[in-house]
Each structure stands twice: as structure tokens, then as C-alpha cells.
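>
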Amino acid sequence: MYIYIYIYIYIYIYIYIYIYIYIYMIVKIWSIGHRPKKTLLLYRFYIYKNLTI
1 MYIYIYIYIY
11 IYIYIYIYIY
21 IYIYMIVKIW
31 SIGHRPKKTL
41 LLYRFYIYKN
51 LTI
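Numbering (the UniProt record's numbering), first residue to last: 1 to 53.
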């Protein structure tokens with residue numbers, strides 16, 4: 001049973017990191033034509049707000 005729980009946690013962490021990198025890349029590409037600092041702060045706040053819920 002414990003092995004399955006560890007595999008589940010590992011997959012969950014892997015997916016979470018993949019999504020985080022994907023969002024970071026979108027923000028980097030989108031912030032080229034805009035103000036980078038403001039965009040990053042807005043996205044960080046948005047991600048933090050979603051994680052707290």
C-alpha cells in the first residue's frame with residue numbers, strides 16, 4: 001500500500017512542476033511585449049490565490 005501512495009505523490013509533484021514551468025514559460029513569452037515586472041507580480045498573485053483555495 002505504501003508503495004502506491006509514494007508513486008501517487010511522485011506523479012502529483014511531477015504534474016505540479018510541469019504545470020508551473022508551463023505557466024512560467026507563458027508568462028516569460030507574454031511579458032516580452034509588456035511590462036515584465038507587473039505581469040510577473042500579477043501572475044504570482046493569481047497563482048498564490050488559486051493555491052490558497
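The beta-carbon is built from N, C-alpha and C at its ideal position, and this holds for glycine as well.
Assuming contact is defined by CB atoms lying nearer than 8 Å, are I23 and I47 in contact in what I supplied?
yes
> Can Y2 and V27 be called in contact, C-beta distance under 8 Å?
Going by C-beta atoms, Y2 is not nearer than 8 Å to V27.
> To the nearest angstrom, report how far apart I9 and M25 are at their CA atoms.
24 Å
> Which residues mark the beginning and the end of the alpha helix (DSSP H) in which M25 is found?
Its alpha helix (DSSP H) spans residues 2-30.
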